[in-house]
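S.K.:
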Amino acid sequence: DQQVKQNSPSLSVQEGRISILNCDYTNSMFDYFLWYKKYPAEGPTFLISISSIKDKNEDGRFTVFLNKSAKHLSLHIVPSQPGDSAVYFCAASGGGETSGSRLTFGEGTQLTVNP
Amino acid sequence: EPEVTQTPSHQVTQMGQEVILRCVPISNHLYFYWYRQILGQKVEFLVSFYNNEISEKSEIFDDQFSVERPDGSNFTLKIRSTKLEDSAMYFCASRRGRYPYNEQFFGPGTRLTVL
Numbered sequence: 222d223q224q225v226k227q228n229s230p231s232l233s234v235q236e237g238r239i240s241i242l243n244c245d246y247t248n249s250m251f252d253y254f255l256w257y258k259k260y261p262a263e264g265p266t267f268l269i270s271i272s273s274i275k276d277k278n279e280d281g282r283f284t285v286f287l288n289k290s291a292k293h294l295s296l297h298i299v300p301s302q303p304g305d306s307a308v309y310f311c312a313a314s315g316g317g318e319t320s321g322s323r324l325t326f327g328e329g330t331q332l333t334v335n336p
Numbered sequence: 026e027p028e029v030t031q032t033p034s035h036q037v038t039q040m041g042q043e044v045i046l047r048c049v050p051i052s053n054h055l056y057f058y059w060y061r062q063i064l065g066q067k068v069e070f071l072v073s074f075y076n077n078e079i080s081e082k083s084e085i086f087d088d089q090f091s092v093e094r095p096d097g098s099n100f101t102l103k104i105r106s107t108k109l110e111d112s113a114m115y116f117c118a119s120r121r122g123r124y125p126y127n128e129q130f131f132g133p134g135t136r137l138t139v140l
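One line per chain: the protein sequences are G and W, in this order.
When you line the first sequence up against this note's numbering, it's residues 222 to 336, in that order.
When you line the second sequence up against this note's numbering, it's residues 26 to 140, in that order.
#1: Can residue 70 (chain W) and residue 80 (chain W) be called in contact, C-beta distance under 9 Å?
#2: Can you tell me whether residue 329 (chain G) is buried or exposed? The criterion is at least 16 other CB atoms within 10 Å of its CB, across all chains shown.
#3: What are the boundary residues of the beta strand (DSSP E) that residue 274 (chain G) is part of?
#4: In this structure, how does DSSP classify residue 2 (chain W) when only helix, strand and coil are distinguished?
#5: Please compile the residues from chain G whose C-beta is within a distance smaller than 7 Å of the C-beta of residue 56 (chain W).
#6: Quick one: list the residues of chain W neighbouring residue 314 (chain G), beta-carbon separation under 8 Å, in chain order.
#7: What residues in the stretch 102–125 of chain W have a beta carbon less than 9 Å from any beta carbon of chain G?
#8: For residue 279 (chain G), return the contacting residues in chain W, with the cut-off set at a CB-CB distance below 9 Å.
#9: Is residue 122 (chain W) buried or exposed, if buried means 16 or more other CB atoms sit within 10 Å of its CB?
#10: How long is the line joining the alpha carbons of residue 299 (chain G) and residue 238 (chain G), rounded to whole angstroms?
#11: With a cut-off of 9 Å, does the C-beta of residue 307 (chain G) fall near any C-beta of chain W?
#12: For residue 49 (chain W) and residue 134 (chain W), I'd like the C-alpha separation in whole angstroms.
#13: Considering Cα atoms alone, identify which of W:68, W:96, W:53 is closest to residue 85 (chain W).
#14: Taking DSSP's pairing of strands, which residues face residue 107 (chain W) in a bridge?
#15: Starting from the Cα of residue 43 (chain W), find the closest Cα among W:65, W:57, W:102 and give me that residue.
#16: Using three-state DSSP, classify residue 317 (chain G) as helix, strand or coil.
#17: Taking the straight line between their C-alpha atoms, what separation do you get for residue 263 (chain G) and residue 249 (chain G)?
#18: Which residues, taken in chain order from the stretch 252–264 of chain G, show a beta carbon closer than 7 Å to some beta carbon of chain W?
#19: Is residue 245 (chain G) helix, strand or coil by DSSP?
#20: Figure out for me which residue from G:223, G:309, G:290, G:243 has the closest Cα to the Cα of residue 268 (chain G).
#21: Hey, would you say residue 252 (chain G) sits closer than 9 Å to residue 227 (chain G), going by beta carbons?
#22: Considering Cα atoms alone, identify which of G:305, G:331, G:235 is closest to residue 283 (chain G).
#23: Determine the closest residue to residue 255 (chain G) out of G:333, G:336, G:301, G:324, with distance taken between C-alpha atoms.
Here it is in structure tokens:
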């Protein structure tokens, strides 16, 4: 199942700089996208989401950009902090109220923010 | 802040035994999910549950799996006869409602080890 793909297994950035995590999808029925952060031995923690009717959503240090024509989304973290070090998952759903709400996850990207 | 809880945190069982994983979703949420993550693999959707019935299930969710909401607070996943390949982290998630409340909130997970 390669419908959601995160091509970078890891990313390392310096504290205070921008982190950019990328995600590509193939299923054109996806209309809602989410980013989750996960620490070892914990469940995914919701970060930010975006509907396909938008191209940008911002929440504090986190901004998600959606490029529907390219079937690509990205998560920007500015400024990056050491506490942001975690695995970040991109997920997508096909919308709808009941059917189609399942999340399809990417492989995850391990972000390391160095002090 | 309300959160999804799961018990037990770790379950060890013998192949062929039945296990029940328990979850308490966020109290005003209406949609409930189970996902699993086999070590080194993606988080995978198992089943969604709404209005006291399964609304969607994946090909993984075969006859050995069942879900139940026995009362107003608990949501359980039963695996009737466990196999070695059922060893994974199992995550419960809940969602408040329809758009724009599409975010799914995850519990900390139950690590199932089948020997």
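Glycine included, every Cβ here is placed at the ideal spot set by N, Cα and C.
M.R.: Looking at the coordinates:
#1: Taking the second sequence and counting its residues from 1, one reaches residue 70 (chain W) at position 45. Taking the second sequence and counting its residues from 1, one reaches residue 80 (chain W) at position 55. No, these two residues do not count as a Cβ contact at 9 Å.
#2: To locate residue 329 (chain G), count along the first sequence from 1; it is residue 108. Buried, because 16 or more other Cβ atoms sit within 10 Å of the Cβ of residue 329 (chain G).
#3: The residue you call residue 274 (chain G) lines up with position 53 of the first sequence. Taken as a continuous stretch (DSSP letters only), residue 274 (chain G) belongs to no beta strand (DSSP E), as it is neither H nor E.
#4: Because chain W in this structure spans residues 26 to 140, residue 2 (chain W) falls outside the shown range and cannot be described.
#5: Counting from one through the second sequence, the residue named residue 56 (chain W) turns up at place 31. 322, listed in chain order.
#6: Numbered from 1 along the first sequence, position 93 holds the residue referred to as residue 314 (chain G). Near residue 314 (chain G) (Cβ distances below 8 Å), the residues of chain W are 127.
#7: Residues of the stretch 102–125 of chain W whose Cβ lies closer than 9 Å to any Cβ of chain G, in chain order: 114, 116, 117, 118, 120, 122, 123, 124, 125.
#8: Start at 1 with the first residue of the first sequence, and residue 279 (chain G) comes out as number 58. Result: empty, since nearest Cβ-Cβ is about 15 Å, beyond 9 Å.
#9: The count along the second sequence starts at 1 and reaches residue 122 (chain W) at position 97. By the 10 Å Cβ count, residue 122 (chain W) comes out exposed.
#10: In the first sequence, counting from the first residue as 1, residue 299 (chain G) sits at position 78. In the first sequence, counting from the first residue as 1, residue 238 (chain G) sits at position 17. Cα-Cα distance, rounded: 7 Å.
#11: Your numbering for residue 307 (chain G) matches position 86 in the first sequence. Not one chain W Cβ lies under 9 Å of residue 307 (chain G).
#12: In the second sequence, the residue the question calls residue 49 (chain W) occupies position 24. In the second sequence, the residue the question calls residue 134 (chain W) occupies position 109. One C-alpha to the other measures close to 12 Å.
#13: As a working mapping, residue 85 (chain W) is identified with position 60 in the second sequence. It is W:68.
#14: Reading the second sequence from its first residue, position 82 is the one you call residue 107 (chain W). Its beta-bridge partners do not exist; DSSP assigns none.
#15: For this step, residue 43 (chain W) is matched to residue 18 along the second sequence. Residue W:102 is the option with its Cα nearest to residue 43 (chain W).
#16: Within the first sequence, the letter at position 96 stands for residue 317 (chain G). Low confidence applies here, because residue 317 (chain G) scores a pLDDT of 49, under 50, leaving its location unreliable and the question unanswered by this model.
#17: Position 42 of the first sequence, counted from the first residue, corresponds to residue 263 (chain G). Position 28 of the first sequence, counted from the first residue, corresponds to residue 249 (chain G). Their backbone Cα atoms lie some 31 Å apart in a straight line.
#18: 253, 255, 263, 264
#19: Looking up residue 245 (chain G) in the first sequence gives position 24. Strand at residue 245 (chain G).
#20: Position 47 of the first sequence, counted from the start, is the residue given in the question as residue 268 (chain G). For residue 268 (chain G), the nearest C-alpha among the options comes from G:309.
#21: As a first step, residue 252 (chain G) is located in the first sequence; it is residue number 31 there, counting from the start. As a first step, residue 227 (chain G) is located in the first sequence; it is residue number 6 there, counting from the start. The answer is no: Cβ separation not under 9 Å.
#22: By one-based count along the first sequence, residue 283 (chain G) stands at place 62. Here the closest residue by C-alpha is G:305.
#23: By 1-based counting over the first sequence, the position of residue 255 (chain G) is 34. Measuring from the Cα of residue 255 (chain G), the nearest candidate turns out to be G:324.
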